[in-house]
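Working notes, beginning with the structure itself.
Protein chains: 2
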Amino acid sequence: MTTTLFPARTTTPEIEHGAVLQPKFGSDGLIPCITTEARTNEVLMFAFMNAESLAHTLRTKKATYWSRSRNKLWVKGEESGNVQIVKEVFTDCDQDVLLLKVEQTGAANAACHNGYRSCFYRRLADLADPSFRLEFVAQPLFDPATVYKKK
Amino acid sequence: MTTTLFPARTTTPEIEHGAVLQPKFGSDGLIPCITTEARTNEVLMFAFMNAESLAHTLRTKKATYWSRSRNKLWVKGEESGNVQIVKEVFTDCDQDVLLLKVEQTGAANAACHNGYRSCFYRRLADLADPSFRLEFVAQPLFDPATVYKKK
């Protein structure tokens, strides 16, 4: 997937060791994006961006993803108020993933639509347990029924 | 994609609020996986797993991915020695992403094949700069030419 919004992909040495962003958007036009809290490095969420959402993110400093379910630009927190102010944008060795470091804002400072700070609020209780039981490691910070009731 | 290795996907409430792992493997059989250093939360890398690699990870406690380029199971560090010992496995709200917290081991404690601790060794120097210049935020910890020369 090519885009005129960002530099074209060149050679492997340039992509892996160079000093110009050359993001790889997949055949669906999307690149995976990991978002962490800048202060603590806590992983808040994982989503996808297309070229337009990355450009919007850089221009506004508000993390903006591509919603695959709604098929539209998704300014994180535009409905809930839990906007993410982007502090730093990293890419990985082969530039096919992005990493945002953000300041999570909003009344509850929560990134997850279920009310938790992070979407990763459950972990396997015991890696060797064949029942694959999850345990909760966080408490919700807001009630989704209240925050999203306006729509 | 269904698999007999893990519980089948049930209902949205069970997936988002339940206490059983029900990982969503995509139509290609893969689920995205974020890997962080357990002590510091630093994001080390991003890769994919299929059901077999997740099962291998849980059984051996060594992070095991699916290499899309080599089309085979990829025990991280099997060649370089930079094995990742898995401490915790999280999933996100809709259980279509995994998050591993690992202890990065090996002579250099480096996750990236280019010799850096993390694959995310470059960031945009200035979000508003239309040249999209990347700056390096880390130094390589080993020389890939030495570590991988045996093959």
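As they're listed, the protein sequences go chains A and B.
Residue numbering for the first sequence follows our numbering, beginning at 170 and increasing consecutively.
Residue numbering for the second sequence follows our numbering, beginning at 170 and increasing consecutively.
By construction, the Cβ of each residue, glycine as well, lies at the ideal position given by its N, Cα and C atoms.
Paired residues, beta bridge with residue i - DSSP
{"i": "F305/B", "result": "R291/B"}
{"i": "K241/B", "result": "S236/B"}
Three-state class that DSSP yields for residue i in the structure shown
{"i": "E206/A", "result": "strand"}
{"i": "K320/B", "result": "The predicted position of K320/B is uncertain, since its pLDDT is 46 and thus under 50; a value taken from the coordinates is nonetheless stated next. Reduced to three states, the DSSP call for K320/B is coil."}
{"i": "E257/A", "result": "strand"}
{"i": "S236/B", "result": "strand"}
{"i": "P313/B", "result": "helix"}
{"i": "A276/A", "result": "coil"}
{"i": "L268/B", "result": "strand"}
{"i": "P182/B", "result": "helix"}
{"i": "A220/B", "result": "helix"}
{"i": "L296/A", "result": "coil"}
{"i": "L199/B", "result": "coil"}
{"i": "L213/B", "result": "strand"}
Exposure of residue i, with buried meaning 16 or more beta-carbon neighbours within 10 Å
{"i": "G284/A", "result": "buried"}
{"i": "P192/B", "result": "buried"}
{"i": "P201/B", "result": "buried"}
{"i": "K245/A", "result": "buried"}
{"i": "Y317/B", "result": "exposed"}
{"i": "T260/A", "result": "buried"}
{"i": "F305/B", "result": "exposed"}
{"i": "K241/B", "result": "exposed"}
{"i": "T233/B", "result": "buried"}
{"i": "S249/A", "result": "buried"}
{"i": "Q308/B", "result": "exposed"}
{"i": "A279/A", "result": "buried"}
{"i": "A136/A", "result": "Nothing about residue 136/A can be reported from this structure: the residues present for chain A run from 170 to 320 only."}
{"i": "A314/A", "result": "exposed"}
{"i": "A216/A", "result": "buried"}
{"i": "A220/A", "result": "buried"}
Interface flag, residue i vs chain D, CB-CB below 9 Å
{"i": "V306/B", "result": "The question asks about chain D, but that chain is absent: this structure's protein chains are A and B."}
- request: Please determine if the stretch 216-234 of chain A and the stretch 251-262 of chain B are in contact, where contact requires at least 3 C-beta pairs separated by less than 8 Å.
  value: no
message: Quick test of the definition: if touching needs 3 or more C-beta pairs under 8 Å, does the stretch 259-269 of chain B touch the stretch 269-289 of chain A?
response: yes
task: Count the CB pairs spanning the stretch 199-212 of chain A and the stretch 205-213 of chain B that are closer than 8 Å, and state whether there are at least three.
output: yes
query: Are at least three pairs of beta-carbons, each pair with one atom in the stretch 173-186 of chain B and one in the stretch 294-301 of chain B, less than 8 Å apart?
result: no
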